[in-house]
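Counting with numbering that gives the first Met the number 0, you get residues 0 to 178 for the letters of the sequence shown.
Notes to accompany the following structure.
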Amino acid sequence: MQKIVLTFGLISGAILVAISVFIWAAMIGDNGQLNAGAVGEFTGYVTMIVALSMVFFGTRTYRDKHLAGSITFGKAFKVGILITLVASTIYVAAWMIYYHTSEAAQHFPEQYLNHMIEEVKSKGLDQTQQDAKIAQLTQQMEAYKNPIVMMGVTLMEIFPVGLIITLISSFILKRNPSI
0 MQKIVLTFGL ISGAILVAIS VFIWAAMIGD NGQLNAGAVG EFTGYVTMIV
50 ALSMVFFGTR TYRDKHLAGS ITFGKAFKVG ILITLVASTI YVAAWMIYYH
100 TSEAAQHFPE QYLNHMIEEV KSKGLDQTQQ DAKIAQLTQQ MEAYKNPIVM
150 MGVTLMEIFP VGLIITLISS FILKRNPSI
């Protein structure tokens with residue numbers, strides 16, 4: 000199982016990094032300006048789904064090559080979640096490297112905060128509600144400067160997608176042995 004988890008996790012991680020670096024560079028312009036907000040976010044999640052499809056293929060490979068074509072939901076879930084963890088770790092590491100080596104990416108939190116403040120202002124909230132929401136967003140961006148928080152936030156971008164794909168794949172691929 001370990002070889003399959005690592006192989007499919009690394010493939011998934013490589014797909015994520017290859018496409019995500021391109022998306023990050025496109026979304027965060029040379030001057031740190033945030034570009035293509037909703038389109039970039041949609042493209043990012045599509046990329047995650049495509050890359051994490053390796054969960055399905057890895058679980059199927061394990062079932063067919065090592066378990067004579069049958070696998071329980073629990074075993075399929077274990078394989079899938081381990082593939083997700085490998086891919087997620089690679090994704091988080093890639094973002095941390097990109098963030099700390101790209102000057103433009105280092106301006107991302109500030110640009111994103113400005114973008115979110117504009118959205119808050121456009122919602123027609125009263126001044127007290129606006130001020131409270133802006134204070135909350137500012138506090139979150141301040142916390143994001145902590146590398147542990149940054150890694151956690153980045154992990155929470157991808158891990159839930161992998162968890163959903165793992166659950167779906169485990170349900171589709173489970174096959175109890177014939178008795």
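All residues carry an ideal CB built from backbone N, CA and C; glycine is no exception.
Please read these numbers as outputs of a predicted model, since none were measured by experiment.
{"query": "Sub-8 angstroms separation of L81 and V160 beta-carbons", "result": "no"}
{"query": "Closest residue to A24 among I10, S11 and G43 (Cα-Cα distance)", "result": "G43"}
{"query": "Residue span of the alpha helix (DSSP H) that contains K144, given as start and end", "result": "Element bounds for K144: n/a, residue is neither H nor E."}
{"query": "Rounded straight-line distance, which links the Cα of V49 to that of K64", "result": "23 angstroms"}
{"query": "S121, buried or exposed, once every other Cβ within 10 Å from all chains shown has been counted against 16", "result": "exposed"}
{"query": "Buried or exposed by the 16-neighbour rule on C-beta atoms within 10 Å, applied to A86", "result": "buried"}
{"query": "Within 8 angstroms, strictly: CB atoms of V54 and I164", "result": "yes"}
{"query": "Per-residue burial, E155 [other beta carbons within 10 Å of its own, 16 or more giving buried]", "result": "Checking the sequence, you will find Met at residue 155 rather than Glu. Flag for M155 reads exposed."}
{"query": "Bridge partner(s) assigned by DSSP for R174", "result": "I70"}
{"query": "Unbroken alpha helix (DSSP H) run spanning H65, endpoints", "result": "M53 to H65"}
{"query": "Given T137 as reference, the closest of Q110, L166, L124 and S168 once Cα atoms are compared", "result": "Q110"}
{"query": "Cβ-Cβ distance between S11 and A75 below 8 angstroms", "result": "no"}
{"query": "Beta carbon of F56 nearer than 8 angstroms to that of F7", "result": "yes"}
{"query": "Secondary structure of S11, DSSP reduced to three states", "result": "helix"}
{"query": "Residue burial classification, M0 (beta-carbon count within 10 angstroms, cutoff 16)", "result": "exposed"}
{"query": "As assigned by DSSP and simplified to three states, the class of M0", "result": "coil"}
{"query": "CB contact flag (I58, W94, <8 angstroms)", "result": "The question names Ile, but residue 58 is Thr in the sequence shown. Their beta carbons are not under 8 angstroms apart, which means T58 does not touch W94 by this criterion."}
{"query": "Own chain partners of I171 with C-beta closer than 8 angstroms, once the 5 adjacent residues on each side are dropped", "result": "F55"}
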